[in-house]
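Per the working numbering, residue 217 is the first one in the sequence shown, and the count goes up by one each step. Heads up, the beta-carbon is just placed ideally off N, CA and C, and yes, glycines get one too. A short write-up of the structure that comes next.
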Amino acid sequence: MVTAKANQLPEIDNFHSDMNGSNQPIDGNVHSRTNENEIFEDICNYISTCCCCRFGIDIGGSLAKVVFFNPKETTSDELVTLQRIRRYFGSSQGYNSTGRCDAHLEMPNCLINGRAGSLHFIRFATSALPSFLAMARRKQFPVDINRTICATGGGACKFEREIRENLGIRLHKTDEFDSIIYGIPYINQYNSDRECYFLKDPLDDLKCTKVAYDFSQPYPYLIVNIGSGVSILAVHSRDQYSRISGSSIGGGTFLGLCSLLTQCETFDEA
C-alpha cells in the first residue's frame, strides 16, 4: 500500500497557465482549415498571443485530455486572441481527426482565480502529439515565449523535453492522483447533480435510474480510476489517500482487443 498526501497540487483558486478564453460558446460554425500550413499558423498564433487564460492537460497513455477555461468577462485586448481560440477549437481540423470537444461535459458558471466562466473539455489521441511536435520542428516554431502550463499524466514526463524545446512551453507537473483528489470536490461544487449519483435498480434496464448523491461528507470513499490501466484509491480526507490496488489491464487493453476483433480505431468506435 502506498500512502500519500496531496500537498503538491496548487489550490484551484491559484491555478495558473497562459491562455485566454471568452464568453462565447465553442461551436463548429467556422471555416474549415484543412491546409497544414494554415492550421499550424493558427496554433502558433494561438499559443504565442495568449496571456492569461487557464487550461490544463492530462497526457495519458492513450488519450490526452485538455480542460479549457472560458471567462465570461474579457478585455478588448483579449478579443483577438479569443477569435483565434474559437476558430482553432471550434473546428475538428484544428486538432486532428481524433480530437473531440465534448460539449455535453461543459461546466458553466465556474469560478477560477476570481473570474467566472465555463470549463470545456477536449480530448485527442496521445499518438497525435509526436506528429504535432515534429511539425513544430519542421516549421521552426518560435521557442522564446516562455509559457508555463499545468500538466499531469505519464506523458507530462515523457514529452516534457520535446514540448519545451519545440514549443517553448514549460510544464508544471502535478501528481495524477493528487489532481483527481482535488478535482472531485471542485467538480462536485459546480456540477454535483450530473457528476455525483448512484444507480437505483442497476440490474433492471426498465427501472434503472440515476439518483443524486450527497457528497458533502463523503469520507472515506473509493475511487476506481480507469485509464489505460486501472488504479483503486481509498480517500481518507481532502488531502490524504491510499492506493490499495490496481492493474495494467484497463482501457488500453480494451481498445487493443476491440481493434483486433472489429478493426475499430478509436474509443468511440469501440
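Among the bridge pairs identified by DSSP, lysine 374 is matched with none. Here the alpha carbon of glycine 445 sits roughly 8 Å from the alpha carbon of glycine 462. Straight-line measurement puts the Cα of leucine 335 at about 10 Å from the Cα of alanine 319. Counting C-beta atoms within 10 angstroms of its own C-beta, phenylalanine 348 has 16 or more neighbours from the protein chains shown and is therefore classed as buried. The stretch 370-387 and the stretch 400-410 do not touch, with fewer than three beta-carbon pairs separated by less than 8 Å. At least 7 Å separates the beta-carbon of phenylalanine 340 from that of alanine 428.
In the three-state reduction of the DSSP assignment, proline 324 falls in the strand class.
Looking at Leu415, Ser447, Thr425, the one whose alpha-carbon comes closest to that of isoleucine 465 is Ser447. In this structure, DSSP gives cysteine 424 a state outside helix and strand, which the three-state scheme calls coil. Aspartate 274 sits buried, since 16 or more C-beta atoms from the chains shown fall within 10 Å of its C-beta. Remark: C-beta atoms of glycine 277 and glycine 468 approach each other more closely than 7 Å. For the options Glu411, Arg331, Pro434, Ala450, the alpha carbon positioned closest to that of threonine 291 is the one of Arg331. Counting along the chain, phenylalanine 271 sits inside no alpha helix (DSSP H); it lies in the beta strand (DSSP E) bounded by residues 271-275.
Per the coordinates, the alpha-carbon of proline 434 lies some 29 Å from the alpha-carbon of histidine 388.
Of the residues Asp430, Val283, Gly369, the one whose Cα lies closest to the Cα of isoleucine 442 is Gly369.
Contact between phenylalanine 284 and isoleucine 365 does not hold, since their C-beta atoms are separated by about 11 Å, which reaches or exceeds 8 Å.
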